[in-house]
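Have a look at the structure below before the remarks.
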Amino acid sequence: MQHIVYLLLVSFGALSILGIFHFTIFLQQKDKAFRNYSFYLLLMSVFNLVRLSDERLGSYYSLSVYTVGTWDPVLANFAFLMYVNFLGVILNINAADKFFYKGWRFIKIFVPTFLLFYLVLRIVGNPLQIADTVISVASFGCMGFGIVMGFRLLALRKEKFYQLIIVGTLISVLGVLTGLIFNTFIYKSSTAFGGLYFLEISMLIESVFLSAALGYRLKVAYQEKEKFQLALLEETQKRVTCGANLPIAAKGTGD
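Under the working numbering, think of the first position of the sequence shown as 18, with each following residue one higher.
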């Protein structure tokens with residue numbers, strides 16, 4: 018089990034640092050893409066912390082398998098919701114895009130409500146035995162809308178910024194699906210460590226591509242700001258020049 022501990026520690030450290038880094042950029046630029054992506058990374062780092070505390074790993078501060086099984090899907094789905102919010106920002110979803118805008122607003126209420134309901138059910142011992150159904154509905158709802166937004170993302174694949182997002186997203190989706198398949202059909206447990214390898218490795222690779230994409234977005238924003246400032250400076254210089262020449266022109270007319 019030592020190897021999975023090392024992987025979780027590396028992933029926790031990397032995602033935490035990247036999450037804080039992107040959030041500091043958000044504070045400077047006020048670009049919600051950085052904010053939502055930082056929330057996604059930080060939630061996944063907390064997810065890793067919970068998995069590191071699993072009693073099966075013999076941690077100093079251990080959480081029971083039931084507790085890990087409770088928080089695992091809640092954190093994962095909240096993180097995925099932040100990723101959907103990230104996509105909503107970079108795709109410029111607004112009120113003019115009625116289907117996407119209404120769907121996005123609905124999913125931002127629907128998913129947290131179901132996750133909270135699931136959490137309450139698990140805390141009280143799942144007396145109705147419907148907790149798994151509730152979390153499945155939340156997961157499929159968020160995933161379904163994420164897939165729909167993914168098709169819109171693919172339509173923009175010719176632009177470099179979106180190319181990096183697409184590659185990173187596909188790697189992450191492939192890792193998550195592979196991990197789910199392994200845990201479901203081979204290990205027969207949603208919290209098995211076998212499938213976690215694929216999730217963690219794919220997330221680390223994804224973070225490289227998405228960080229590069231956001232770096233490119235920041236570079237473009239700076240270039241546009243410089244162009245605007247240069248155009249403003251040129252316009253100011255023209256006005257100053259015209260103002261300086263005006264008395265000379267007036268004097269010539271009077272003579």
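The beta carbon of each residue, even a glycine, is placed where N, CA and C say it ideally should be.
Residue of the options minimising C-alpha distance to residue i
i           : options               : result
residue 242 : 46, 30, 194 and 37    : 46
residue 171 : 184, 161, 162 and 160 : 184
residue 40  : 210, 57 and 200       : 57
residue 218 : 24, 143 and 153       : 24
residue 166 : 182, 20 and 153       : 182
residue 176 : 230, 104 and 252      : 230
residue 160 : 68, 104 and 236       : 104
residue 84  : 147, 130, 150 and 208 : 208
residue 152 : 135, 143 and 164      : 135
Outcome for residue i when other beta-carbon atoms lying within 10 angstroms are tallied against a minimum of 16
i           : result
residue 259 : exposed
residue 248 : exposed
residue 238 : exposed
residue 94  : buried
residue 37  : exposed
residue 76  : exposed
residue 223 : buried
residue 266 : With a pLDDT of 48 at residue 266, under the threshold of 50, the modelled position of this residue cannot be trusted, and the question is left open.
residue 108 : buried
residue 111 : exposed
residue 211 : exposed
residue 98  : buried
residue 18  : exposed
residue 131 : buried
residue 82  : exposed
residue 117 : buried
residue 113 : exposed
residue 192 : buried
residue 35  : buried
residue 253 : exposed
Pair within 9 Å by beta-carbon distance, residue i and residue j
i           : j           : result
residue 87  : residue 139 : yes
residue 162 : residue 121 : yes
residue 178 : residue 256 : no
residue 128 : residue 155 : yes
residue 80  : residue 61  : no
residue 124 : residue 141 : no
residue 89  : residue 64  : yes
residue 145 : residue 21  : no
residue 196 : residue 216 : yes
residue 32  : residue 69  : no
residue 173 : residue 54  : no
Residues that DSSP places opposite residue i in a beta bridge
i          : result
residue 80 : 71
beta-carbon residue i near the ligand ATP non-hydrogen atom, thresh 8 Å
i           : result
residue 231 : With respect to the ligand ATP, the structure offers nothing, as it holds no ligand at all.
Interface flag, residue i vs chain C, CB-CB below 9 Å
i           : result
residue 209 : Any reference to chain C falls outside this structure, which holds one protein chain only.
Legend entry - the stretch 21-35 contacting the stretch 183-203, beta-carbon criterion three pairs below 8 Å: With a cut-off of 8 Å, the stretch 183-203 and the stretch 21-35 do not count as touching, because too few Cβ pairs lie within range.
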